[in-house]
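Going by the UniProt record's numbering, the residue at position 211 of the sequence shown is 211; the numbering climbs one at a time, nothing skipped. Note sheet for the following structure.
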Amino acid sequence: MHHGAGSSGLSFAVVGHEIRKQLPSAGVLALDCRGHGLTRTPDDAAPDLRLETLASDLYRSIQATKAQMGWPRLPPIVLVGHSLGGAVITELAKSARLGASLLAYAVLDVVEGSAIDALQSMHTYLSTRPPGFQSVESGIEWHVRTRTVRNSVSARTSVPPLLIRDENGNDAARPWRWRTNLAATQPFWEDWFVGLSKKFLEARGGKLLLLAGTDRLDTELTIGQMQGKYALQVFTEAGHFIHEDLPERTAMTLVDFYRRNDRSALVLPPKVSELLAQGKKV
1 MHHGAGSSGL
11 SFAVVGHEIR
21 KQLPSAGVLA
31 LDCRGHGLTR
41 TPDDAAPDLR
51 LETLASDLYR
61 SIQATKAQMG
71 WPRLPPIVLV
81 GHSLGGAVIT
91 ELAKSARLGA
101 SLLAYAVLDV
111 VEGSAIDALQ
121 SMHTYLSTRP
131 PGFQSVESGI
141 EWHVRTRTVR
151 NSVSARTSVP
161 PLLIRDENGN
171 DAARPWRWRT
181 NLAATQPFWE
191 DWFVGLSKKF
201 LEARGGKLLL
211 LAGTDRLDTE
221 LTIGQMQGKY
231 ALQVFTEAGH
241 FIHEDLPERT
251 AMTLVDFYRR
261 NDRSALVLPP
271 KVSELLAQGK
281 KV
């Protein structure tokens with residue numbers, strides 16, 4: 001699972017728990033991408049957040065997990081990505097680097113057209129966001145009050161890793177600052193989303209698009225949906241952090257999506273030669 005810009009792997013903590021309740025055999029891997037959460041890279045001073053780099057990071061994390069677990073081969077994989085993470089997992093799916101291990105991929109509340117449009121107002125959003133908070137609890141309260149995250153249980157898990165205490169800051173009243181400087185990621189914004197719809201439709205594997213509103217669909221995805229090229233689910237009660245707002249419903253949707261694409265559950269009819277060998281008429 002890959003989170004969106006400014007978030008962390010714990011964005012998927014609650015929905016991951018719900019997935020495990022509904023599908024105990026599932027394994028959940030949710031990483032902090034470079035420049036986010038607790039992940040550190042040698043080039044943190046000027047992080048390389050190009051889409052290709054982030055997709056390679058995700059691939060290497062999956063391979064590192066395989067080695068750590070001692071698996072002879074990768075298990076069946078369903079990639080899940082929210083916002084920027086949706087672009088990252090689509091890039092990895094399109095590259096075919098996971099081979100036959102990739103069953104399917106699910107993109108949460110991001111499409112190319114609306115994402116690129118939203119970039120125009122990103123600076124306005126960042127300028128209205130508090131530069132810091134008095135405490136972690138204040139940060140959680142702000143996210144819930146502004147309906148950035150509409151589920152307080154999710155917010156209590158996902159918000160703390162977004163903040164870091166700045167002991168040397170100029171504002172002693174609000175020492176808890178944002179861990180990731182979103183404004184500094186601006187050079188990469190268009191690279192993340194340009195061409196997303198085309199790649200989403202063309203990559204091999206089952207496809208799910210989970211949105212908080214149908215108005216987010218662009219023309220290419222609307223046509224693809226009418227042609228049955230992917231599954232579409234819309235949760236109109238949710239905000240942008242759809243998996244945090246409605247973790248149980250999101251988990252149910254993802255588990256059902258996995259089961260529909262699970263090749264191990266596929267039962268093929270017997271061959272004619274096998275029936276004849278059993279003395280049966282065909």
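Each residue gets a CB set at the ideal place from its N, CA and C atoms; glycine is no exception.
Span of the beta strand (DSSP E), counted from its first residue to its last, around residue 176:
176-178
Counted within 10 angstroms of its Cβ, other Cβ atoms place residue 11 as buried (16 or more) or exposed
Burial of residue 11 is indicated by the presence of at least 16 other C-beta atoms within 10 angstroms of its C-beta.
When you compare the CB positions of residue 51 and residue 18, do they come within less than 8 angstroms of one another, or not?
no
Alpha helix (DSSP H) segment containing residue 60, residue limits
51-69 is the span of the alpha helix (DSSP H), which, as asked, contains residue 60.
Based on Cα-Cα distance, which residue from 257, 171, 132 and 125 lies nearest to residue 159?
132
Could you give the DSSP three-state label for residue 206: helix, strand or coil?
strand
When DSSP labels each residue in this structure, what does residue 17 get in the three-state scheme?
helix
Neighbourhood of residue 99 by C-beta distance below 6 angstroms, restricted to the same chain and skipping five residues each side
none
Check residue 172 in the structure and name its three-state DSSP category.
coil
Would you mind stating whether residue 112 and residue 218 have Cβ atoms separated by less than 8 angstroms?
yes
Under 8 angstroms between the Cβ atoms of residue 49 and residue 185?
Yes, the pair counts as a contact, with Cβ atoms nearer than the cut-off.
Check whether residue 144 and residue 152 have beta carbons under 8 angstroms apart
yes
Residue 206 beta carbon less than 8 angstroms from that of residue 103
yes
6 angstroms Cβ shell around residue 233 - same chain, five flanking residues per side excluded
210 and 253
Report the CB separation of residue 2 from residue 85 in whole angstroms; it is logged as a contact under 8 angstroms.
The Cβ separation is near 3 angstroms, so the contact holds.
From residue 136 to residue 176, what does the alpha carbon distance come to, in whole angstroms?
Taking the straight line from one Cα to the other gives about 7 angstroms.
Residue 6 to residue 61 span [Cα, whole Å]:
19 angstroms
Can you find the residues in the same chain that come closer than 6 angstroms, C-beta to C-beta, to residue 38, ignoring five residues on each side of it along the sequence?
32
For residue 261, count neighbouring Cβ atoms within 10 angstroms of its own Cβ and tell me buried if that reaches 16, exposed if not.
buried
Within 10 Å of its beta-carbon, does residue 13 have 16 or more other beta-carbons around it, so buried, or fewer, so exposed?
The residue in question, residue 13, is buried, as its Cβ has 16 or more Cβ neighbours within 10 Å.
For the alpha helix (DSSP H) containing residue 115, list its first residue and its last residue.
First-last of the alpha helix (DSSP H) with residue 115: 112-119.
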